[in-house]
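In my numbering, the protein residues as written are 8 to 645.
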């Protein structure tokens, strides 16, 4: 790093570089240990070493018990806000501890103990967070599967995690429908080789579910009985290196990869980020608009804010349509949130529906200090719009399910560094981020390459994949020996700012020129009529690949789609040059996305190339793929 950054960040990063173990030993003092670490890092354990190998702890104790003990019992720990059901509820730290300890006792009564796996198949309700912490309390390993996931995909996770117990609710709620979970769960168990001993089922008023006579148990009945009997589970001592949870991420083979998160390193890193990256203090409110099915929900709806002694908002709704594009502003104003963390796609949706931000009027955001974006690349146009509308720092930061917290960001708790639109800013302590060419050599500043992290990975990052060390090494450690391969492509500029331009497979080869689809998307998004876009490389007999841009227009646009498409082709030619060979822009009503908001570019490419494709397990609305296919056929493609 040769960047002329001010002292807060530069000094902190240099302190980590000079003495990584000393840095994390100091950070570890913010966690309450049962057996404090004497060894900070053991390079001989695992694929690249293990953090805090001789320590023991309990994550639930750090998230709840110690705050109650230290005087935060009456402070709100969790606020549930559900425009989909018209309900709101708040739980103090003392109330949440009571709920979690009671549920943990029920889990113990059902035979769950330290090291056992428990799958959670839950909507965005308080009980989802209670269940995660109840597992942590008794040393069980939770694996949250996004509520409403297809039966076949849930079955693969059941077989991989081999849970003793599954916790579910009867339904999840979407703006236009109720999604019944129990038939999906029953079908998944029928498909799976492994059969859980029990399912604990929370009946929601929006849907009743039939109960399996021997397997299913009523959540409310058992917790009520445990409360009446005064049954509460105590915290179980676990090794810092014991798994806290397993979270599945899509694998290229179709078999999901179970990312393992440990207890000790996870707590240390998350607590550090709450102070130094997000600048959310104990007692303040953080609103993370994600889902507990994704890593963002794990880290910054549940664990991060509670480890910090902050208040977290669990939101069951959408950025638009529940009831309007002012939904996030209402939540921020009503609950006095100081920070919002969401995906760029949420802001593109808000901007599409309300480009003038008229729904912001009347909401008091005086407490609000920063917007954090992650999940996919924040295009500069969306970032600038958010800055203009909100008049607070907009922090694009980059991380992955595998890392559990931020790799590259703007650490406003240390200092706000100058923003470069299109860059998530600089590597955080723990991450030696480098850009390598195809031969594994350092790429010159500003040159596209593979973004990698020099080993060892810091605390919180995955130590392995669930019961598959060989696949862990093959997936992440073999392409560039000595480095963790992020599978993201981009460049690092002369100031040390990292630019993530897309997945490695989003770099297309046009007549021998390696071009970033992210760079083309940046140009398309700058057009005043474009709400969101995606560029994919499609097969071309002459050039190998040619870029195809799919664009969604903002509400109220009066220009014809054909006119806008012509302007977009000219814009890319002007900004990137003829080398991009950008000749095809297609206007579509919407883009296919996962439920976490990521655009399904690889599937779009297969449709354009006329290839067979499997329906992505995480897709939000399968009908969109048919719309994409029709748009392509209208141009003689697909």
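Backbone N, C-alpha and C define an ideal beta-carbon position, used for all residues, glycine too.
| query | result |
| --- | --- |
| Cβ contact check for the segment 311-331 and the segment 286-298: 3 or more pairs under 8 Å | yes |
| 6 Å Cβ shell around residue 564 - same chain, five flanking residues per side excluded | 536 |
| Alpha helix (DSSP H) runs contained entirely in the segment 333-373, provided each spans 4 or more residues | 334-342 and 351-360 |
| Helix, strand or coil at residue 305 according to DSSP, with G and I counted as helix | helix |
| Exposure of residue 637, with buried meaning 16 or more beta-carbon neighbours within 10 Å | exposed |
| Beta-carbon contacts of residue 465 that lie in its chain and below 6 Å, excluding the five residues immediately before and after | 437 |
| Rounded straight-line distance, which links the Cα of residue 264 to that of residue 508 | 24 Å |
| Touch test, the segment 552-564 against the segment 586-599, Cβ-Cβ under 8 Å, three pairs minimum | yes |
| Outcome for residue 16 when other beta-carbon atoms lying within 10 angstroms are tallied against a minimum of 16 | buried |
| Pair within 8 Å by beta-carbon distance, residue 583 and residue 607 | no |
| Delimiting residues of the beta strand (DSSP E) encompassing residue 492 | 490-499 |
| Inter-stretch contact at 8 Å, needing at least 3 Cβ pairs: the segment 100-120 / the segment 369-384 | no |
| Residue 85 beta carbon less than 8 Å from that of residue 151 | no |
| Complete alpha helix (DSSP H) runs within the segment 90-150 (minimum length 4 residues, chain order) | 100-116 and 133-145 |
| Rounded Cβ spacing between residue 431 and residue 416 (contact assumed at less than 8 Å) | 6 Å |
| Spatially closest choice to residue 398 from 372, 386 and 383, by CA coordinates | 372 |
| Inter-residue Cα distance where the pair is residue 624 and residue 26 | 43 Å |
| Buried or exposed by the 16-neighbour rule on C-beta atoms within 10 Å, applied to residue 439 | buried |
| C-alpha gap between residue 605 and residue 381, whole angstroms | 10 Å |
| CA nearest to the CA of residue 81, picked from 95, 300, 103 and 67 | 103 |
| Close Cβ partners of residue 166 (< 8 Å) along its chain, the five nearest in sequence each way excluded | 199, 200 and 201 |
| Cβ separation of residue 603 and residue 334, assumed to be a contact under 8 Å, to the nearest whole Å | Not quite, the Cβ-Cβ distance comes to about 18 Å (not below 8 Å), so this is no contact. |
| Close-in-space but distant-in-sequence residues of the same chain around residue 328 (CB under 7 Å, 5 per side omitted) | 182 |
| Cβ distance (whole Å) where residue 204 is taken to contact residue 171 below 8 Å | 5 Å |
| Contact the segment 405-415 vs the segment 467-475: 3+ CB pairs below 8 Å | yes |
| Beta-bridge pairing of residue 440 - partner residues as DSSP gives them | 460 |
| Cα-Cα separation between residue 196 and residue 140, rounded to whole angstroms | 24 Å |
| Boundaries of the beta strand (DSSP E) in which residue 379 is found, first to last residue | 377-380 |
| Boundaries (first-last residue) of the alpha helix (DSSP H) holding residue 33 | 27-34 |
| Inter-residue CB distance, residue 611 and residue 599 (contact presumed, cutoff 8 Å) | 7 Å |
| Outcome for residue 635 when other beta-carbon atoms lying within 10 angstroms are tallied against a minimum of 16 | buried |
| Spatially closest choice to residue 429 from 643, 500 and 548, by CA coordinates | 500 |
| Straight-line Cα distance separating residue 595 from residue 581 | 23 Å |
| Distance, residue 127 Cα to residue 106 Cα | 17 Å |
| Through-space distance from residue 503 to residue 266, alpha-carbon basis | 29 Å |
| Nearest-angstrom Cα separation, counted from residue 207 out to residue 226 | 5 Å |
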